[in-house]
Amino acid sequence: MIREVWGLFFSPCGNVEKLIRAMAGAAGETLGVPVRFGDMTLPTGRTDRALGPEALAFVGTPVYAGRVPNKLAPYIAAHIRGTGPAVPVVCFGNRSFDNALAELADILGKNGFTVTAAAAAVGEHAFTRALAADRPTAADLAQAADFARAAAERLREGEIPALAPGAIPGDPAAPYYTPLGRDGRPAAFLRAVPVLDEKECIRCGVCASVCPMGSVDRLDPGRMNGICIKCHACVRKCPMQARSFDDPAFLSHRAMLEENYARPAEPLYIL
Ligand SMILES: Cc1cc2nc3c(=O)[nH]c(=O)nc-3n(C[C@H](O)[C@H](O)[C@H](O)COP(=O)(O)O)c2cc1C
Ligand code: SF4
Ligand code: SF4
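So for the sequence shown, the working numbering puts the first residue at 27; every next one is plus one.
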């Protein structure tokens, strides 16, 4: 018997959050039970969670380099446990989700959950508006909600159906996707950080408050006190458009994506 629905998400640019809210909300409505959310985006939100057998959990992350973001996966593996049903959800930016869904499902299964359904949805690429602009759209969210209703409906009788082995495409142990440049060669931008246009910056502090790595200096936003995962939260949420990436390898990769992955990608819903 499911008595509560949880929506847990890591979502620097907001797409995963929209999907998880739509899915968990629809599942809660279907089952007539309360819905709770846990935002894992900021370091302060990454707390320990142990869900019981009567909780249905939707757990969402973006796809980074074809996998679960590598700075987040160890946190989920160590701190998100449960003994009830879970639905891993990944959101990808029009290229491919590669092995991310298989990896997230694998982590949740190892942490005690029964993976009862899984989803790979499409969201505007954090790097560029040219890929999957404005997705998830209202129609995408409606489709996600329908899927969640169907997953919840099956849990009414008390049984928890588990996805068959192999139902989720991908290999949880596969290597990360290697970003390529326009020349087809690996584009190395691991050390790239956003640059600040000092003339435009009004020192509002938004960038420091949204950085999932807590890396942007609060008093001097041009200064980095830690690593950058290229999530683009600070770039997109800066009210003055004062932050951008100018690293040539990054720009070459972004151009390659725009040239090759503009077609609309399809989501995958597995029940
Ligand atoms: C560092 C980074 C790597 C990414 N790698 C991929 C990828 O391998 N495949 C893909 O289709 N989209 C990729 N994306 C796009 C994101 O998955 C997409 O923008 C997602 O909607 C971001 O979720 P958010 O809005 O919740 O932050 C990447 C984005 C970032 C920031
Ligand atoms: S969000 Fe933009 S304007 Fe505000 S402090 Fe950061 S860079 Fe400056
Ligand atoms: S500094 Fe890097 S990690 Fe932090 S919000 Fe900006 S893009 Fe994301």
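Ideal Cβ placement from N, Cα and C applies to all residues, glycine included.
According to DSSP, A291 shares a beta bridge with no other residue.
Listed in chain order, the non-local C-beta contacts of G71 below 6 Å within the same chain comprise D65, local neighbours out to five positions each way being set aside. Secondary structure remark: continuous alpha helix (DSSP H) runs of at least 4 residues inside the segment 125-185, in chain order: 126-136, 164-179.
The beta carbon of C254 sits closer than 6 Å to at least one heavy atom of ligand 3. The beta-carbon distance between L98 and V116, rounded to whole angstroms, is 11 Å. This is too long to meet the 8 Å contact definition. Across the set A259, G192, C257, A234, the C-alpha of A234 shows the shortest separation from the C-alpha of G248.
In the structure shown, F36 falls within a coil segment according to DSSP collapsed to helix, strand and coil.
Annotation for A268 indicates a beta carbon within 6 Å of some heavy atom of ligand 2.
Here DSSP, grouped into helix, strand and coil, assigns V85 to strand. Relative to V236, the option among F215, A52, F84, C264 whose CA is nearest is C264. Annotated as distal: L82 and I46, with beta-carbon spacing of 7 Å or more. Take M282, set aside five residues on each side of it, and the residues of its chain with a beta-carbon closer than 7 Å to its own are L206, G207, R208, in chain order. Taking the Cα positions, V89 is about 31 Å away from E224. Apart from the 5 residues on each side of it in sequence, M266 sits with its Cβ closer than 7 Å to the Cβ of E226, C227, I228 in its chain, given in chain order. The residue from E30, N41, S37, F36 with its alpha-carbon nearest to that of A170 is N41.
Put simply, the backbone Cα of P162 is about 14 Å away from that of Y295. With respect to the 7 Å criterion, G184 and G138 are not classified as neighbours on the basis of their beta carbons.
In the structure shown, V232 falls within a helical segment according to DSSP collapsed to helix, strand and coil. With a cutoff of 7 Å on beta-carbon distance, A259 and C39 are scored as near each other. Comparing alpha carbon positions, the residue from V85, F35, G92 closest to T67 is F35.
Counting along the chain, R280 sits inside the alpha helix (DSSP H) bounded by residues 274-286. Taken from the Cβ of V141, every heavy atom of ligand 3 lies 6 Å or farther away. Annotation for H279 indicates a beta carbon at 6 Å or more from all heavy atoms of ligand 3.
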